[in-house]
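As you go down the protein sequences, you meet chains A and V in turn.
All residue numbers for the first sequence refer to the numbering used here, where the first residue is 1 and numbers rise by one.
All residue numbers for the second sequence refer to the numbering used here, where the first residue is 1 and numbers rise by one.
Think of the CB as a built atom: it goes at the ideal place given N, C-alpha and C, for glycine as much as any other residue.
All of these numbers come straight from a predicted model, not from anything done at the bench.
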Amino acid sequence: MTATDLGLPTLGGLDLVPTSDEPQKSKEYKSDQEVRWCPGCGDYIVLNTIQSFLPTLGLRRENIVFVSGIGCSSRFPYYMNTYGMHSIHGRAPAIATGLATTRPDLSVWVVTGDGDALSIGGNHLIHSLRRNVNLKILLFNNRIYGLTKGQYSPTSDQGMVTKSTPMGSVDTPFNPISLALGAEASFVGRALDSDKKGLTEVLGAAAAHRGSALVEIYQNCPIFNDGAFDVLKDKDEAERRLIPLKAGEPIRFGPDGDYGVTRSAWGGLEAGKVSEIGEDNLVVHDPTIEDTAYAFALSRLGGQDLQQTPTGIFRQVSRPTYDDQARAQVQQAAEAKTPDLHALLRGKDTWTVT
Amino acid sequence: MSTSPNGTGTEPLSATRPTEISRLDRVVIRFAGDSGDGMQLTGDRFTSEAAAFGNDLATLPNFPAEIRAPQGTIPGVSSFQVHFADYDILTPGDRPDVLVAMNPAALKANLADVPRGGTIIVNIDEFNKRNLSKVGYDSDPLEDDSLSAFEVHRVAMSTLTQGALAETGLGKKDAERCKNMFALGLLSWMYHRPTEGTERFLQEKFAKKPDIAEANLLAFRAGWYYGETTESFATTFEVAPAKLAPGTYRQITGNTALAYGIVAAGQRSGLPILLGTYPITPASDVLHELSKHKNFGITTFQAEDEIAGIGAALGASYGGALGITSTSGPGVALKSETIGLGVMTELPLVVIDVQRGGPSTGLPTKTEQADLLQAMFGRNGESPVPIVAPCTPADCFDIALEATRIALTYRTPVLLLSDGAVANGSEPWLIPDVEDLPDLRVTFASEPNATDGSGEFWPYVRDPETLAREWAVPGTPGLQHRIGGLEKQDGKGSISYDPDNHEAMVRIRQAKIDGIDVPDVTVDDPSGGKARVLALGWGSSFGPIGAACRRVRKNGLPIAQAHLRHLNPLPGNLGDLLRAYDTVVVPEMNMGQLAMLLRAKYLIDVQSYTKVAGLPFKAEELEGVFTDTITAARKEATL
Ligand code: SF4
């Protein structure tokens with residue numbers, strides 16, 4: 001059996017989730033639990049954005065589930081008036097995989113952080129992306145361990161002085177977008193916690209995508225890593241550094257769009273002045289390119305130093321999902337052979353004692 | 001009817017040469033050879049023939065962990081023991097009456113187990129200088145008098161097989177590989193076994209390779225005709241069918257029975273099943289078997305690791321499916337944290353541990369019962385879980401249903417402790433009527449249940465009888481709630497760090513498990529209460545303990561036997577039962593784990609007998625232990 005038989009790629013991410021006719025308000029998505037992040041934490045704005053965004057999907061609220069691991073961001077499900085599970089460190093994608101595979105009528109979201117997803121849960125993250133389970137994974141990246149009070153994380157800057165690295169971290173950080181692409185992710189996006197519009201756009205596309213979607217959210221932790229992304233929030237700096245990715249448009253950025261992205265000599269991508277590159281040589285963004293090399297090259301434009309930081313959707317390709325195919329096999333098997341417990345237990349070779 | 005030994009006739013095999021027929025009530029045969037010699041298949045086929053004939057039987061496969069251990073060496077020896085009888089037997093047998101040794105290594109590794117006077121059938125073609133010296137034989141044991149205590153049959157199995165296949169065009173090496181079927185044919189002749197099943201099996205197994213099917217059939221027939229035509233086998237043996245309880249039987253291994261039990265649990269509960277698992281010896285066959293039965297609404301998820309396997313199972317349970325994970329001891333270690341999450345979130349989950357020798361990687365293909373305390377205590381915090389264990393291969397079916405019943409009724413992870421001996425062993429199974437299987441249907445929450453009249457749904461409101469919380473699955477309108485690993489407020493289910501609440505919740509979780517409805521343990525004592533010594537076991541040691549008790553009783557000594565299928569909670573009548581005997585002896589394939597629990601719980605100084613050799617107990621060994629115990633108890637009583 002091949003997935004194409006099922007016409008799967010034409011199915012949208014939410015197509016099997018029941019909808020509601022009632023207009024919804026963001027208020028309905030707020031649980032009665034008092035939100036307990038530190039004052040000024042970036043998580044607040046993300047929570048707010050998601051609570052405003054979900055009503056626009058028009059899904060039945062009871063068919064939405066948030067599964068999280070452990071960490072500051074993993075408290076997220078408690079604040080959502082949906083179904084939710086605050087699980088154990090790093091394992092949310094595994095738990096969500098079992099849930100999504102058995103329940104196609106649910107919209108399943110994983111909320112995780114840089115420690116949860118990339119350190120202790122790295123294995124589950126890459127494998128759920130590889131399998132392309134219909135999960136939306138929101139990776140709140142604050143480049144620090146918050147809940148355990150300030151140790152360096154797998155996305156912390158090299159040399160960073162933290163509680164556990166008084167002489168500076170000697171670890172090389174991950175680029176989460178590159179990692180996800182290396183794991184065959186079919187949807188990869190990035191947004192800033194403070195950019196409500198940009199984040200909402202990426203979330204909308206992720207929700208509509210059938211398969212795993214990884215959304216990296218740069219999130220400020222004012223307590224242990226304050227200002228990690230400030231250069232992307234200062235208006236002038238942001239203009240020079242942020243590269244907004246818009247499908248079908250040449251990739252341009254900078255004041256008056258006078259910078260752009262072109263192919264580099266060795267086959268990757270590089271940024272430069274449009275006046276030097278030439279308009280015709282600008283790359284037109286296409287997230288649907290099958291070859292991950294393109295999206296990977298985009299992810300390498302921006303490094304840990306945030307000099308250049310593409311945001312938006314890096315990759316969005318259609319491919320069969322694990323859960324659709326697993327369910328199709330169960331269904332196919334049932335159609336091919338009526339379940340008959342008595343016949344199974346008897347088997348082929350029996351003998352009778354009288 | 002006669003058929004030429006070299007013919008490829010398809011007429012049924014039937015004996016014509018008159019031999020002396022010896023009628024036996026039981027026989028133990030051990031097929032032993034190199035791990036590449038196909039001994040497991042040979043033993044398995046002989047077992048099927050015995051089953052088809054209606055004998056009671058029990059088997060013990062024993063093979064190296066390496067897929068191909070060095071050829072011709074002792075570590076590379078693979079064996080399969082089958083015990084068949086005309087009455088109900090309990091074990092695969094201590095010592096083989098017949099040893100089939102395909103090479104010197106197989107002879108050397110198994111000879112010590114053969115009783116004096118036993119029969120040894122050797123493939124003399126492998127007894128060359130090189131093979132002999134490989135295993136440290138200075139001289140050929142077939143030539144000197146070291147085997148004089150046994151009845152030795154020297155058969156040139158390789159040569160004879162090659163000869164029989166000479167005209168098939170098969171290469172010499174390929175032809176020689178069929179020698180295991182030659183051995184099977186010979187033994188089938190010796191024991192008057194029905195052969196149609198094996199012939200059908202070979203045709204089906206090699207349906208896509210007709211030349212290989214033909215070669216195996218030829219070898220099988222050649223072995224059979226060899227017995228029929230050579231005078232060196234003067235006696236054949238008959239073991240009459242066993243008088244088992246009426247009904248329809250099949251032969252089944254523990255792992256297959258376990259998989260079928262899970263299928264049945266899904267059917268009887270009406271729930272879809274998700275098996276989240278990771279390959280590990282000796283549990284992988286449960287995955288293999290279940291992956292064949294997707295038509296029963298079973299999803300098998302081979303995860304990236306043990307943790308993801310159980311995570312997916314728990315996620316499926318959260319969504320209203322029956323989540324199951326299967327593994328062995330090392331996998332349980334990895335799954336511990338998720339089992340704890342299952343305890344905290346109070347979701348149904350069945351955790352299958354097919355125990356093997358430990359610690360660490362230990363002895364992957366050997367058996368042990370040393371995960372009991374891991375199952376009981378191997379998690380952080382006060383984290384009680386119910387534990388059940390099957391006592392025979394066929395019991396694996398029932399125990400899977402029982403584990404599911406407990407998981408669904410009490411909303412808890414359940415540890416099911418199988419082990420390598422029951423998992424790979426096989427026996428006849430009285431096929432149950434589907435209608436007689438337990439009804440496992442569940443009710444999901446559908447209404448708000450807040451006890452304060454607020455109209456909310458509180459996830460930790462409990463059934464007063466079972467203390468189980470309601471199972472409210474996503475998709476149910478109005479019951480949106482959040483659960484997780486943090487301590488929950490009793491009833492309402494919000495996060496709570498309140499000291500009194502934590503104290504209460506710890507005790508409620510314990511009370512829920514302690515209160516699980518578990519059947520009383522029954523005692524077998526044919527002496528009608530004269531026994532002063534009780535033999536108590538759990539899990540796969542049921543067979544050897546039972547067989548040992550029979551031997552002791554045959555010698556005129558009374559002994560009572562009881563066996564635990566529920567290890568947590570223990571049966572309610574166990575304390576009184578233990579106190580009713582002068583001595584309670586507890587044999588275990590560990591360092592005394594059940595004994596430790598019994599002493600702690602009942603303050604009874606049970607006598608622990610332990611063995612951790614990677615192999616099941618021998619009935620003979622336990623007979624000695626029990627006899628000594630009874631003698632000592634009598635001495636004490638008369639002092
Ligand atoms: S420690 Fe940092 S990430 Fe955590 S809640 Fe506080 S501000 Fe937010």
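Neighbouring residues, chain A, relative to residue i (Cβ below 7 Å)
i: Glu306(V); result: The contacting residues do not exist; Glu306(V) stays about 10 Å from chain A at best.
i: Thr476(V); result: Glu62
Three-state secondary structure (DSSP) of residue i
i: His293(V); result: coil
i: Met505(V); result: helix
i: Val202(A); result: helix
i: Asn141(A); result: strand
i: Arg599(V); result: helix
i: Thr229(V); result: helix
i: Pro246(V); result: coil
i: Asn220(A); result: coil
i: Arg17(V); result: coil
i: His124(A); result: helix
i: Ala535(V); result: strand
i: Gln81(V); result: strand
i: Lys163(A); result: coil
i: Val518(V); result: coil
i: Asn424(V); result: helix
i: Gly261(V); result: helix
Any C-beta of chain C under 9 Å from that of residue i
i: Ala326(A); result: Absent from the structure: chain C. Protein chains present are A and V.
Buried or exposed by the 16-neighbour rule on C-beta atoms within 10 Å, applied to residue i
i: Ala308(V); result: buried
i: Met505(V); result: buried
i: Cys38(A); result: exposed
i: Asn128(V); result: exposed
i: Asp195(A); result: buried
i: Thr405(V); result: The sequence given here places Arg at residue 405(V); Thr does not occur at that position. Per the 10 Å Cβ criterion, buried.
i: Gln308(A); result: buried
i: Arg221(V); result: buried
i: Lys294(V); result: buried
Beta-carbon proximity check, residue i vs residue j, cutoff 9 Å
i: Thr365(V); j: Asn62(V); result: yes
i: Met344(V); j: Gly485(V); result: yes
i: Val261(A); j: Leu301(A); result: yes
i: Thr82(A); j: Leu54(A); result: yes
i: Leu125(A); j: Ala180(A); result: yes
i: Gly342(V); j: Pro413(V); result: yes
i: Gly297(V); j: Gly98(A); result: no
i: Leu258(V); j: Val286(V); result: yes
i: Glu368(V); j: Gly614(V); result: yes
i: Leu138(A); j: Ala100(A); result: no
i: Val518(V); j: Pro558(V); result: no
i: Ile483(V); j: Gln489(V); result: no
The beta strand (DSSP E) enclosing residue i, as first and last residue numbers
i: Ala562(V); result: Ala560 to Leu564
i: Arg190(A); result: Phe187 to Leu192
i: Glu588(V); result: Thr583 to Glu588
i: Glu20(V); result: Glu20 to Leu24
i: Leu202(V); result: That residue, Leu202(V), is in no beta strand (DSSP E); its alpha helix (DSSP H) goes Glu196 to Lys205.
i: Lys611(V); result: Segment: none, Lys611(V) is in no beta strand (DSSP E) and carries neither H nor E.
i: Ile121(V); result: Thr119 to Asn123
Proximal chain A residues relative to residue i, where beta-carbon distance stays under 9 Å
i: Arg641(V); result: What is shown of chain V runs 1 to 639, which leaves residue 641(V) out entirely.
i: Ile89(V); result: By Cβ distance, chain A contributes nothing, its closest Cβ being about 15 Å from Ile89(V), past 9 Å.
i: Leu244(V); result: Val353
Extent of the continuous alpha helix (DSSP H) to which residue i belongs
i: Gly455(V); result: Counting along the chain, Gly455(V) falls outside any alpha helix (DSSP H), and DSSP gives it neither H nor E.
i: Gly329(V); result: Gly329 to Thr345
i: Pro93(A); result: Ala92 to Thr102
i: Ile45(A); result: Gly42 to Phe53
i: Trp189(V); result: Lys179 to Met190
Neighbouring residues, chain V, relative to residue i (Cβ below 7 Å)
i: Pro104(A); result: Within 7 Å Cβ-Cβ: nothing; Pro104(A) doesn't reach chain V, min ~10 Å.
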